[in-house]
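Engineer: Chains as they are written, first to last, in this note's numbering: chain D, -13 to 485; chain X, 871 to 1109.
Every residue gets a Cβ at the ideal spot worked out from N, C-alpha and C, and that includes glycine.
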Amino acid sequence: MDLLHNLALGFGVALTLQNVLYCFVGVSLGTLIGVLPGIGPVATIAMLLPATFSLPPVTALILLAGIYYGAQYGGSTTAILVNLPGESSSVVTCLDGYQMARQGRAGPALSIAALGSFFAGCVGTLILAAFAAPLSELALALGPIEKFSLMALGLVGAIALAQGSLLKAFGMILIGLLLGAVGADTQTGTMRYTFGIPELTDGIGFVVVAMGLFGFGEIITNLEKGEAREVFTSNVKGLFPRGDDLKAAWKAVLRGTGVGALLGILPGGGAVLGSFAAYALEKKIAKDPSRFGKGAIEGVAAPESANNAGAQTSFIPLLSLGIPSNAVMALMVGAMIIQGITPGPQVMTERPELVWGMIASMWIGNLLLVILNLPLVRIWILLLKVPYRLLFPTIIVLCCIGIYSLNSSATEVGMATLFGLLGYVFIKLGCEPAPLLLAMVLGPMMEDELRRGMTINRGDPTVFLRSPFSLAMLILAVGLLIGIVVPAVRRKREEAFQE
Amino acid sequence: MSLCVLVDAVIADAPIADVWLRRPCKALRAKVRIVANAAIGWAAAAATTYRCRCADIPRWGDAFDLLASRSVWKNTRASRNEQNGEAALAVRIKSSKDFYAGLMYIAIGGLAVFFARDYSIGSTSRMGPGYFPLLIGGLLLLVGLVVAARGFTLTTERIDRWQLRPLLLVLFSVAVFALTIERLGLAVAVMLVTVAGYMANPKARLLELIILTAVLTAVSLGVFVYALKLPFNVWPHLR
Chain D
-13 MDLLHNLALG FGVALTLQNV LYCFVGVSLG TLIGVLPGIG PVATIAMLLP
37 ATFSLPPVTA LILLAGIYYG AQYGGSTTAI LVNLPGESSS VVTCLDGYQM
87 ARQGRAGPAL SIAALGSFFA GCVGTLILAA FAAPLSELAL ALGPIEKFSL
137 MALGLVGAIA LAQGSLLKAF GMILIGLLLG AVGADTQTGT MRYTFGIPEL
187 TDGIGFVVVA MGLFGFGEII TNLEKGEARE VFTSNVKGLF PRGDDLKAAW
237 KAVLRGTGVG ALLGILPGGG AVLGSFAAYA LEKKIAKDPS RFGKGAIEGV
287 AAPESANNAG AQTSFIPLLS LGIPSNAVMA LMVGAMIIQG ITPGPQVMTE
337 RPELVWGMIA SMWIGNLLLV ILNLPLVRIW ILLLKVPYRL LFPTIIVLCC
387 IGIYSLNSSA TEVGMATLFG LLGYVFIKLG CEPAPLLLAM VLGPMMEDEL
437 RRGMTINRGD PTVFLRSPFS LAMLILAVGL LIGIVVPAVR RKREEAFQE
Chain X
871 MSLCVLVDAV IADAPIADVW LRRPCKALRA KVRIVANAAI GWAAAAATTY
921 RCRCADIPRW GDAFDLLASR SVWKNTRASR NEQNGEAALA VRIKSSKDFY
971 AGLMYIAIGG LAVFFARDYS IGSTSRMGPG YFPLLIGGLL LLVGLVVAAR
1021 GFTLTTERID RWQLRPLLLV LFSVAVFALT IERLGLAVAV MLVTVAGYMA
1071 NPKARLLELI ILTAVLTAVS LGVFVYALKL PFNVWPHLR
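1. Could you tell me whether the Cβ atoms of LEU1091 (chain X) and VAL383 (chain D) are closer together than 7 Å?
2. Please classify ILE327 (chain D) as buried or exposed, where buried requires at least 16 other C-beta atoms within 10 Å of its C-beta.
3. Whose Cβ in chain X lies nearer than 7 Å to the Cβ of ILE205 (chain D)?
4. So with Cβ pairs under 7 Å, would you call TYR975 (chain X) a contact of chain D?
5. Which parts of the stretch 366 to 419 of chain D are runs of the alpha helix (DSSP H), unbroken and 4 residues or longer, counting only runs that do not cross its ends?
6. Suppose contacts are defined by Cβ-Cβ distances below 7 Å. Is VAL531 (chain D) in contact with THR64 (chain D) by that definition?
7. Can you look up SER966 (chain X) in the DSSP assignment and give me helix, strand or coil?
8. Taking only beta-carbon atoms, is LEU451 (chain D) less than 7 Å away from chain X?
9. With LEU140 (chain D) as the anchor, note down where its alpha helix (DSSP H) starts and where it stops.
10. Between the alpha carbons of GLY201 (chain D) and GLY281 (chain D), how many angstroms are there, rounded?
11. Classify ALA1070 (chain X) as helix, strand or coil using the three-state DSSP reduction.
12. CA-CA distance, LEU153 (chain D) and ALA458 (chain D)?
13. Thinking ALA396 (chain D) and GLU1052 (chain X) are a contact (beta carbons under 8 Å), I'd like their distance in whole angstroms, please.
14. Check distances from the C-beta atoms of the stretch 1092 to 1109 of chain X to those of chain D and list, in chain order, the residues that come in under 8 Å.
15. Below 7 Å between beta carbons: does that hold for ALA95 (chain D) and MET86 (chain D)?
16. For MET541 (chain D), which beta-bridge partners are listed by DSSP?
17. Sort out for me which residues DSSP pairs ARG364 (chain D) with in a bridge.
18. Threshold first: 4 residues or longer. Then list the alpha helix (DSSP H) segments lying entirely within the stretch 990 to 1072 of chain X, N to C.
19. Say whether chain X places a C-beta atom closer than 7 Å to the C-beta of SER391 (chain D).
20. Thinking just about the alpha-carbon of each residue, which of D:ASN294, D:VAL44, D:GLY12, D:TYR84 is nearest to the one in PHE278 (chain D)?
21. Whose C-beta lies closer than 6 Å to the C-beta of ILE53 (chain D) among residues of the same chain, with five residues either side of it excluded?
22. If you reduce the DSSP assignment to three classes, tell me which class LYS233 (chain D) lands in.
23. Scan the stretch 257 to 280 of chain D for residues whose Cβ lies nearer than 9 Å to a Cβ of chain X and list them as they occur along the chain.
24. If you measure beta-carbon to beta-carbon, which residues of the stretch 127 to 159 of chain D are closer than 8 Å to chain X?
25. Quick check on GLY416 (chain D) - is its C-beta less than 7 Å from some C-beta in chain X?
26. Any Cβ of chain D within less than 7 Å of the Cβ of SER847 (chain X)?
27. With a threshold of 7 Å between beta-carbons, can ALA425 (chain D) be considered close to chain X, or not?
28. Can you tell which of D:GLY256, D:ILE381, D:GLY102 has the C-alpha that lies nearest to the C-alpha of GLN298 (chain D)?
29. What's the C-alpha gap between GLY162 (chain D) and LEU317 (chain D)?
30. Taking the straight line between their C-alpha atoms, what separation do you get for VAL(-1) (chain D) and ALA125 (chain D)?
31. Out of curiosity, what's the CA-to-CA distance linking ALA982 (chain X) and ILE1080 (chain X)?
32. So which residues of chain X does ASP171 (chain D) contact, with C-beta pairs closer than 7 Å?
33. Compare the Cα-Cα distances from VAL1063 (chain X) to each of D:ALA(-6), D:ALA146, D:PHE192, D:ILE387 and report the closest residue.
34. Could you check if GLU336 (chain D) is buried or exposed, using at least 16 other CB atoms within 10 Å of its CB as the buried criterion?
35. For a cutoff of 7 Å on Cβ pairs, would you count LEU34 (chain D) as touching chain X?
36. Residues of chain X with CB closer than 7 Å to the CB of THR380 (chain D), please, in chain order.
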């Protein structure tokens, strides 16, 4: 009954007044940025990192985690009412959600999205609680070679699950690894790629990169696109779904939760992929696929459940292995390091209150989110009316202050300008920046493990194949790549992303 | 100008080669034909580039993209039959995302390898600081070559139009913050950022700008200086 004991410990931590309060702040902020198109959790978490300096570690992590899964709830509101994805994970919700709103059924769409999300969030949290501890025990037994292969699998996963061209995603990973190499070499102290700039000695701050790529780069792209919004506000009445709605949706919620939870654990996974896959699955098994895109309630229920389940389970690799699986988790690693915690399997045993407090807070957060998103949905609709031309200068100001307050360094703000330009170029050239951020955080760890492993094994590279765990990871990675390259699977993947 | 005429003549002359090659052919001749077509395509692309310059066509991007796209090779014949050869070509050209992404990878990988030349590489059993960056940089260079080659030979997605105003003004506003925060303090820096950033939106309104600036300045002072007590210079140093 370790699990119950641990959960009791967790709720003890999460239910203190301060932690509930910050959990509430986190999920409200998450809903807010989820509702607002044009700003995502990566930029928001990066913006708020400096503000968490003064908080105790567990409170800081509760706040930041709340932003991520809160954004999954908020994203659906915008998708349904405005036909714009508030979050990238709500892209597919637009298809049927907006059609439902046009038919005057915005209420049921919103409520099924929120209830499905709640169910998926609870299941995801349970899975997280059940798997985190055993996995971390396993992870403690891993040597440098095994860890390297595991992280390599993570990066391959990020490549395989990225949108668009595999080779381009691979290139972005490599750029990320190079960015991670900037700074003083950990073993010899040699300055690498610092060009005599003192701020680069400790490496490029990933907050700087995240803000540049995801904050500024995206603002520029959004401004180019211009804005066109049509909000169905007057139609939100009768929030509760009819009996036949519920009957049609509950199986979709179950399936979406399963798909999302599974894809969330995968390295490189997270909320986005699950929602695409769940929608594709629903369409595939439906008796009458032509209903999809015309307001099928399953088309709202499945992806919204999936993205929430995925958002929860993507914490598993982070909490049990200390390895982030996507860009948001990479930022969580940063938050832990700022708080003086080295992410890894030892966190589970050394700081159980941290891990279990966070897990328990997620359940509380999900409960708060249902309240925030169902009875209070009208407040968020009001916020949707704030035009982007007022929003984006605010984001710029907050980003600037956020970067500057990290180290009181104007040079870093200047560097963020460059990364903003780079981010814009990436978007224009169809290179997805999320894998880059992940690789940048994993890079130094991977290099360390590689060098240590090679020293122990006297430079014999066959050790990667001789260690059974490492071999298994590498086979998985190769299998993943082959699976994606095989034409049939490839076509499916493209289809899923197109829808 | 006379060069222009010459170039036009080159374009006009190309069909001769093509007609010769279009006779019924076996495998070898097919290969020759592909090579010849490629050469013609290149010549046409170069010629069109030159024509764009002569005619002061302000679409430098298209002229360059022309060189970067195989669709030139495919479409050379068809467009030659049209009255306005180079215009038709220019429309068909895809400014390939992949090609430029590849170029970018090559540039970054090349720079990484170049700057890593001074770091000691060590051996596999004792890796020096240069080992990993060199490996990754070299790999990136390779990936860049493949991506660029693919963008060059396949018709891939076109780069969307880009606008200068949001790009420059958003980046400028961030740079303004970096330049002013230490000397002029938070209050002035936030005001300047807001003004510069707000102007990135083409439909700027003066009254709205004034209100937004006032609100943002007040909120950032209130939240970051008075509530969170972050150690900022708030006002200008008048020294």
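Structural biologist: On the basis of the supplied data:
1. no
2. buried
3. VAL1040
4. yes
5. 374 to 393, 396 to 414
6. It is not possible to answer for residue 531 (chain D), since the shown part of chain D is limited to -13 through 485.
7. strand
8. no
9. According to the sequence provided, residue 140 (chain D) is Gly. The question's Leu does not apply to it. Where GLY140 (chain D) is concerned, the enclosing alpha helix (DSSP H) stretches over 130 to 147.
10. 33 Å
11. Looking at ALA1070 (chain X) - three-state DSSP - the assignment turns out to be coil, as it is neither helix nor strand.
12. 23 Å
13. 5 Å
14. PHE1094, LEU1098, LEU1100, PRO1101, PHE1102
15. yes
16. Residue 541 (chain D) falls outside the range modelled here, since chain D spans only -13 to 485, and no answer is possible.
17. Its beta-bridge partners do not exist; DSSP assigns none.
18. 1001 to 1023, 1034 to 1068
19. yes
20. D:TYR84
21. GLY12, LEU15, GLY16, PRO27, THR30, ILE31
22. helix
23. Listed in sequence order: no entries.
24. Residues passing the 8 Å Cβ filter: SER151, LEU153, LYS154, PHE156, GLY157.
25. yes
26. Limits of chain X in this structure are 871 at one end and 1109 at the other, which puts residue 847 (chain X) out of reach.
27. no
28. D:GLY256
29. GLY162 (chain D) and LEU317 (chain D): Cα-Cα distance of roughly 14 Å.
30. 25 Å
31. 45 Å
32. PRO999
33. D:ILE387
34. exposed
35. no
36. LEU1086
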